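Undergrad: This is the structure, below, for whatever I ask next.
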Amino acid sequence: MSANGITQRCVLCGAESRLIIGHLGVCGECLGTRFEQARPQVQRAHAETRRAFGLPEAPPRSVDGVPCPLCSRSCVVGRGERGYCGLRVGNDTVPREDKSTGKRLKHLAGTPARGVLHWYRDALPTNCVADWVCSGHQRYGYHNLAVFYASCSLNCLFCQNWHFREVDPAASEGISARELADHANARTYCVCYFGGDPASQMPHALASAHYLAERGVTVCWETAGTQHPKLMDRAARLSLETGGIIKFDLKAFDEGLHMALTGASNRRTLENFRRAAAFVNERPEAPLVVASTLLVPGYVTPDQVGRIARFIADINPHIPYALLGFAPNFYVPDLPCTSVSHAEAAEAAARDAGLTNVRIGNRHLLSRDY
Numbered sequence: 000m001s002a003n004g005i006t007q008r009c010v011l012c013g014a015e016s017r018l019i020i021g022h023l024g025v026c027g028e029c030l031g032t033r034f035e036q037a038r039p040q041v042q043r044a045h046a047e048t049r050r051a052f053g054l055p056e057a058p059p060r061s062v063d064g065v066p067c068p069l070c071s072r073s074c075v076v077g078r079g080e081r082g083y084c085g086l087r088v089g090n091d092t093v094p095r096e097d098k099s100t101g102k103r104l105k106h107l108a109g110t111p112a113r114g115v116l117h118w119y120r121d122a123l124p125t126n127c128v129a130d131w132v133c134s135g136h137q138r139y140g141y142h143n144l145a146v147f148y149a150s151c152s153l154n155c156l157f158c159q160n161w162h163f164r165e166v167d168p169a170a171s172e173g174i175s176a177r178e179l180a181d182h183a184n185a186r187t188y189c190v191c192y193f194g195g196d197p198a199s200q201m202p203h204a205l206a207s208a209h210y211l212a213e214r215g216v217t218v219c220w221e222t223a224g225t226q227h228p229k230l231m232d233r234a235a236r237l238s239l240e241t242g243g244i245i246k247f248d249l250k251a252f253d254e255g256l257h258m259a260l261t262g263a264s265n266r267r268t269l270e271n272f273r274r275a276a277a278f279v280n281e282r283p284e285a286p287l288v289v290a291s292t293l294l295v296p297g298y299v300t301p302d303q304v305g306r307i308a309r310f311i312a313d314i315n316p317h318i319p320y321a322l323l324g325f326a327p328n329f330y331v332p333d334l335p336c337t338s339v340s341h342a343e344a345a346e347a348a349a350r351d352a353g354l355t356n357v358r359i360g361n362r363h364l365l366s367r368d369y
């Protein structure tokens, strides 16, 4: 028996281990070598978690729906359907027989006029993913305006902030981009947009970020990088100009593993990481881009970290990389916390891949359970 659950069995290979997610039912080895066989099991696992919160089980693809271009899910939303993030509804304004004009999306949230989120003042220094390279880490007496968006374009089985799914975007009070920016004061050093994820509410985030930048606030992002590339470029430019950081959550390198853990491909994430990293040399004195990876036991192995690190190093070996300790959460209550040996082997793999600035974060979570 593990400290956080019992031994699980892989439905494909029959292996038994404490490092198998029970809700998923497939071991990390099979996800890497037999993903097409695992795909139905992966889809079932994610569909169940979506149904539990009344969210679409998959991005809608209505034949006569309205495309939503904001993120990589590329929803095509039919009349009365909700997009994958739950924030957009198909809303025809003309009779169904006239399909040439009038079709549009009703935006429940995520526009400059209305974001669904909560915000708070987080005293600096704080537990920022990039704290060891972040200018805010030395700003004692100041605070970060932490903006927590109540939506996401992924479906991470281990989400630590899953409670945003309980927010009803139609009933929530909401806040405009300007109203959010007006909460900044003379002691607001930086703003960080996270959640959930800002990707599905980028028009709101970018609008408020512009207002804050005009007031001299440093603009940062913490994201899985699923935004439309043009929106990512705008976010990168704002951070570049204000001294902020884009913190990319690179959950896996192998697409199959990423789909199993998050319900989505990582192609857009990797594309946007490259795009944002292209700005790095414009501000060499301080990092613009920081990467992080959650070390999920049995799945995000040192070998997987090495692949992520090689991808980063091929772009720029000096991009900082944080390796984060995992703790059981959401639909993954049965794995142990990341072990010390796992974290140290992952750090060594990242350095061997060519990265020069690697850090193990959340050391207080590390265990000796495997």
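Quick note on numbering: numbering that gives the first Met the number 0 labels position 359 of the sequence shown as 358, and the sequence is numbered without any gaps. Cβ atoms here follow ideal geometry from the backbone N, Cα and C, with glycine treated the same way. Every value quoted in this text rests on a predicted model; they were computed, and no experiment measured them.
Under 7 Å between the Cβ atoms of residue 83 and residue 141?
TA: no
Undergrad: Starting from the C-beta of residue 204, find all residues in its chain whose C-beta is less than 6 Å away, skip the five residues before and the five after it, and write them out in chain order.
TA: 192 and 197
Undergrad: Who are the near neighbours of residue 18 in its chain, counting only those whose CB is closer than 6 Å to its CB and skipping five residues on each side?
TA: 296 and 297
Undergrad: Leaving out five residues before and five after residue 166 in sequence, what residues of the same chain have Cβ atoms less than 7 Å from its Cβ?
TA: 115 and 149
Undergrad: Leaving out five residues before and five after residue 315 in sequence, what residues of the same chain have Cβ atoms less than 7 Å from its Cβ?
TA: 276 and 279
Undergrad: Bridge partners for residue 110 per DSSP, in chain order?
TA: The secondary-structure analysis by DSSP pairs residue 110 across a beta bridge with 113.
Undergrad: Indicate the three-state DSSP secondary structure (helix, strand or coil) for residue 416 in the structure shown.
TA: Summary: the structure shown does not reach residue 416, with the chain confined to residues 0 through 369, and so no result is reported for it.
Undergrad: Helix, strand or coil for residue 213? Go by DSSP, reduced to three states.
TA: helix
Undergrad: Does DSSP put residue 328 in a helix, a strand or coil?
TA: strand
Undergrad: Quick one, are the C-beta atoms of residue 361 and residue 334 less than 7 Å apart?
TA: no
Undergrad: Could you please give me the residues that DSSP links to residue 338 through a beta bridge?
TA: DSSP output for residue 338 lists 366 as bridge partner(s).
Undergrad: Compute the Euclidean distance between the alpha carbons of residue 244 and residue 363, then round it to the nearest angstrom.
TA: 24 Å
Undergrad: So residue 302 is in the alpha helix (DSSP H); what residue range does that whole segment cover?
TA: 301–314
Undergrad: What are the residues that DSSP puts in a beta bridge with residue 194?
TA: 148
Undergrad: What does the Cβ neighbour count give for residue 87, buried or exposed, with the cut at 16 atoms within 10 Å?
TA: Buried is the call here.
Undergrad: What distance in whole Å lies between the Cβ atoms of residue 112 and residue 175, which are believed to be in contact at a cut-off of 8 Å?
TA: Right, the Cβ-Cβ distance comes to about 5 Å (below 8 Å), so this counts as a contact.
Undergrad: Relative to the C-alpha of residue 216, which residue among 355, 134 and 359 is closest?
TA: 134
Undergrad: Can you check whether the CB of residue 221 is closer than 7 Å to the CB of residue 250?
TA: No, the pair does not count as a contact, with Cβ atoms beyond the cut-off.
Undergrad: By alpha-carbon positions, which one of 29, 80 and 159 ends up nearest to residue 331?
TA: 159
Undergrad: Under 7 Å, do residue 207 and residue 109 count as touching if we go by C-beta distance?
TA: no
Undergrad: Could you check the C-alpha separation between residue 309 and residue 157 for me, to the nearest Å?
TA: 25 Å
Undergrad: Assuming the contact rule is C-beta atoms closer than 8 Å, residue 190 and residue 146 should be a hit. Round their C-beta distance to whole Å, please.
TA: 6 Å
Undergrad: Ordered along the chain, which non-local residues of its own chain (more than five positions away) have a Cβ less than 7 Å from that of residue 68?
TA: 227
Undergrad: If you drop the 5 nearest sequence neighbours on each side, which residues of the same chain put their C-beta closer than 7 Å to that of residue 262?
TA: 45, 153 and 154
Undergrad: Taking the beta strand (DSSP E) that residue 290 belongs to, which residues open and close that run?
TA: For residue 290, the enclosing beta strand (DSSP E) covers residues 288–294.
Undergrad: Closest to residue 291 by CA distance: which of 195, 346 and 11 is it?
TA: When only C-alpha atoms are compared, the closest one is 346.
Undergrad: What residue range does the beta strand (DSSP E) around residue 248 cover?
TA: 245–248
Undergrad: If you reduce the DSSP assignment to three classes, tell me which class residue 21 lands in.
TA: When DSSP states are grouped into helix, strand and coil, residue 21 belongs to the coil group.
Undergrad: Can you tell me the Cα-Cα spacing of residue 253 and residue 31, whole angstroms?
TA: 8 Å
Undergrad: Just how far apart, CA to CA, sit residue 370 and residue 119?
TA: In this structure the chain extends from 0 to 369, so residue 370 is not present and cannot be described.
Undergrad: Note down the Cα distance separating residue 300 from residue 26, rounded to an integer number of angstroms.
TA: 12 Å
Undergrad: With a cut-off of 8 Å on the beta carbons, I'd call residue 293 and residue 325 a contact; round off their distance for me.
TA: Indeed, because the Cβ distance is near 6 Å, the residues count as touching under 8 Å.
Undergrad: Tell me, please, which residues DSSP counts as bridged to residue 171.
TA: Residue 171 pairs with nothing; no bridge assigned.
Undergrad: What are the residues that DSSP puts in a beta bridge with residue 105?
TA: Assignment of beta-bridge partners to residue 105 by DSSP yields 88.
Undergrad: Could you spell out where the beta strand (DSSP E) holding residue 358 opens and where it closes?
TA: 357–360
Undergrad: Alpha carbons only, please: which of 168, 311, 270 and 231 is nearest the one belonging to residue 54?
TA: 168
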